Each structure stands twice: as structure tokens, then as C-alpha cells.
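Residue numbers (the working numbering), protein chains in the order written: chain A, 1192 to 1343; chain B, 1192 to 1343.
A virtual CB, placed ideally from N, CA and C, is assigned to each residue, including glycine.
Here the structure is a predicted model, which is why all the values come from computation and not from measurement.
Number of protein chains: 2
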Amino acid sequence: MPRDSQTRPAEHASHDAIEDVLALVRKQGGRATPARRLLLQALFGSRGHRSAEELAAEVRSHAPDVHLSTVYRNLEELERLGVIDSTRLGEGPATYHLASAAHGHLVCEKCGSMTEVPDEMFGALVRSARARYGFAINPHRFAVTGLCANCQ
Amino acid sequence: MPRDSQTRPAEHASHDAIEDVLALVRKQGGRATPARRLLLQALFGSRGHRSAEELAAEVRSHAPDVHLSTVYRNLEELERLGVIDSTRLGEGPATYHLASAAHGHLVCEKCGSMTEVPDEMFGALVRSARARYGFAINPHRFAVTGLCANCQ
DNA sequence: TTCGCAATTGCTGCCAGGTCGCAACTGCGC
DNA sequence: GCGCAGTTGCGACCTGGCAGCAATTGCGAA
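Below you can see the structure in the form of C-alpha cells.
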């Protein structure tokens, strides 16, 4: 079977990014394991917000024996390395996405819908929290709750 | 034993507030039960952030048979009536406090410390979310995470 | 190539926080 | 003081996640 770099360039871009991350992992004394690679594929394969459970399901579709706790441990590791962000969207499980797709989150208390918003919207809040309390807000890790336009 | 309205005026102020809430409950077709009264006493008795578990413990110190699920159900009801706010402070359990003591929350990701901040700090965020997405932010119900001055 | 060993994994068991269904009990309007 | 809808106690259950441990495995060095 020939290489398919011509027909699937997007996948190869992801592939390179994945190898970059694994190189970083190795540089920190970590290892490039199949589970790790598959998890990164799942993360790079879509830009959305995925729960640990969803990511585990996707990893398992290729390697059924990968355990949920392995996924949790690797997500933790990847977050520590700054590759991904984890976000608690209100009630449900924590969600994970690539750090490169950084943004804030508006989550409706009623219907649960989620809207991604640019970081700039938090500018004033970030500045006043720093000025008044010395507190450094990270707008990627929490959800701003309220009512969406439909539910009001 | 004589009434002690002279020596403990604060408790009587709470007492009146509690009766007001129970009147509201009755007006909505609800009932004034001992469990409900004790829960309100626990809520009015301190201005802090209390978890369901803590509130249940306090209620049980007066009525040992009150079940945790009863506390949860009553907290839900009181929140629906607008008497209290519930807030998820990051990882831990949800916390509850009187709606009259409304404020936002800065929670440190590292040490877990929590700082209460005035609603005004969210003004710009609230306005831009409404203008750009029609989204009505409720600043009392979520925690803004980041790093506190000590942990940076 | 092989070796050694620390990193990683799969697994089981456990925990916290909270919800649900149901039968029994009880405020409270009449 | 009756009746019944609202409420309660109880136990089972659920989700999300972490911890300990023995077995496995990358991978740098020889």
C-alpha cells in the first residue's frame, strides 16, 4: 500500500504535530506509547470539546484494551505539558481540547448549549482581577454560566 | 424560660427572615416543614459558602433523622425560589449561600483559596456577552479560576 | 542485538457527590 | 378532624474520577 501524502494532507499535518508532541514527551523523560499516540490522534482529529469518556471510546476503536484510567493519566500529562486545556463545563464531565484552540466558554444553565467566545471578551475582567487582587485569571479552564438567547 | 428578644436580636432578625421565606414557600403551594425550617436556620446562621454536606450536618445536629437527599431537594427548591444561590467552586462540591449576599468568585487552581469579588467586576463581560451573543451571564453561579497572588 | 530498568499500562477497587423511585408520613385548607 | 398533595426517609444506583499494584514495555546504553 502506497503512502497517501498526496490524498490526505490534513492527516499528515496532524501526524507531524503528533510526532512533535511525542518528541516533547520524550524530551521530558516520557515515552511514545501506542496509547499516547492514539489519544493524540483523537485530540488532533477534531477541534471540538471531548470528554475523557469520548476520547477513550475513540482510542478503543483502534486499540480496545486501552483503559479509561490510562486515558485520564495521559490527559493529565498532556495538560501538564501545555498541549491541551481541560475545562469544566458546569455539571457534566471535564472536557479537553488542544491548547492551540484557546477560547472562553458560555454555557447555558437550562439547555446546556455551549458557545465558544474569543479571549478578548475577558480582557477587562482579567485586568481588574490582576489589579485589585493580584489574581491571574485563566479564561480557558472555566465555564461562564447563564441563559442563552433561546432560553431566556 | 423567658423569650430572649433583648439579648439576641440578630437571631430574631434571622427568625423573621426565615418566616418570610416560609410564607413565600406556602404561597407557592409548598409547606413549612421542620426540615425546611432547620435548613433555613443553617443558611441564615452564617454568611459563608456551605456545601450540602455541611448544611446537612448542621441540620442533623438538631434533627438527626433529616436525610441528605432531603437537604438536596430543599436546596433545589430554595434556589428555584431565588432565596439562595448555588455555586460550583471548581473541583469540590457545590456550595450554597443566601442570594442576598450575591458576589462573584475567584478560585485558585493551585491552593484552592477563594476570593469573593463584587458583581461590578463582571460588568464588561456581562454587557459584551449580551450584545454579541444574547447570552445573559449570571456571575454568581460559576467560579473564575486562575492563580492567586501567592501561587503565581 | 540484547539488556536493564524506569515509565507506563490494565486492572480492580474505591471514593465523592449527587439523583431517583417509592412507600410512609404530615401540613394545612376545608 | 379529614383528606390528600407535598414532603420525607431510605436505599439503590449512577457518573466521574483517582489510587495502588503487579505486569508489561519503550528506549538508551552496552
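Between which two residues does the alpha helix (DSSP H) holding residue i run?
i, result
"Gly-1337 of chain B", "Taken as a continuous stretch (DSSP letters only), Gly-1337 of chain B belongs to no alpha helix (DSSP H), being part of the beta strand (DSSP E) at 1335–1338."
"Thr-1224 of chain B", "Counting along the chain, Thr-1224 of chain B falls outside any alpha helix (DSSP H), and DSSP gives it neither H nor E."
"Arg-1332 of chain A", "Element bounds for Arg-1332 of chain A: n/a, residue is neither H nor E."
"Ala-1322 of chain A", "1314–1324"
"Glu-1311 of chain B", "Taken as a continuous stretch (DSSP letters only), Glu-1311 of chain B belongs to no alpha helix (DSSP H), as it is neither H nor E."
"Asn-1265 of chain B", "1259–1271"
Starting from residue i, follow the beta strand (DSSP E) in both directions and report where the run begins and ends.
i, result
"Glu-1307 of chain B", "1305–1308"
"Val-1298 of chain B", "1295–1299"
"Leu-1289 of chain A", "1285–1289"
"Ser-1252 of chain B", "No beta strand (DSSP E) contains Ser-1252 of chain B, which DSSP labels as neither H nor E."
"Arg-1184 of chain A", "Examination of residue 1184 of chain A is not possible in this model, given that chain A is present from 1192 through 1343 alone."
Distance cutoff 7 angstroms, beta carbons only. Does residue i sit that close to anything in chain A?
i, result
"Arg-1426 of chain B", "An answer regarding residue 1426 of chain B cannot be provided, because it is not within the stretch 1192 to 1343 covered by chain B."
"Cys-1302 of chain B", "no"
"Tyr-1324 of chain B", "yes"
"Ser-1277 of chain B", "no"
"Ala-1243 of chain B", "no"
"His-1331 of chain B", "no"
By Cβ distance below 7 angstroms, which residues in the same chain neighbour residue i in space, the five residues on each side in sequence not counted?
i, result
"Ala-1290 of chain A", "Gly-1273, Val-1274, Ile-1275, Asp-1276"
"Arg-1279 of chain A", "Ala-1285, Phe-1333, Ala-1334"
So, is the C-beta of residue i closer than 7 angstroms to a C-beta in chain B?
i, result
"Leu-1269 of chain A", "no"
"Thr-1286 of chain A", "no"
"Val-1335 of chain A", "yes"
Between which residues of its own chain and residue i is the CB-CB distance below 8 angstroms, once the five residues before and five after are set aside?
i, result
"Gln-1219 of chain B", "Leu-1272"
"His-1288 of chain A", "Leu-1234, Arg-1238, Gly-1239, His-1240, Arg-1241, Ile-1275, Asp-1276, Thr-1278"
Skipping 5 residues on each side, what residues in its chain have a beta carbon closer than 6 angstroms to that of residue i?
i, result
"Glu-1245 of chain A", "none"
"Tyr-1324 of chain B", "none"
"Gly-1221 of chain B", "none"
Quick check: the stretch 1301–1314 of chain B against the stretch 1304–1311 of chain A, are at least 3 beta-carbon pairs closer than 8 angstroms? no
Whether or not the stretch 1258–1268 of chain A and the stretch 1294–1301 of chain A are in contact is what I'm after, with contact meaning three or more pairs of Cβ atoms, one per stretch, closer than 8 angstroms; do they touch? no
Residues in the stretch 1235–1266 of chain A having any Cβ partner in chain B nearer than 8 angstroms: none
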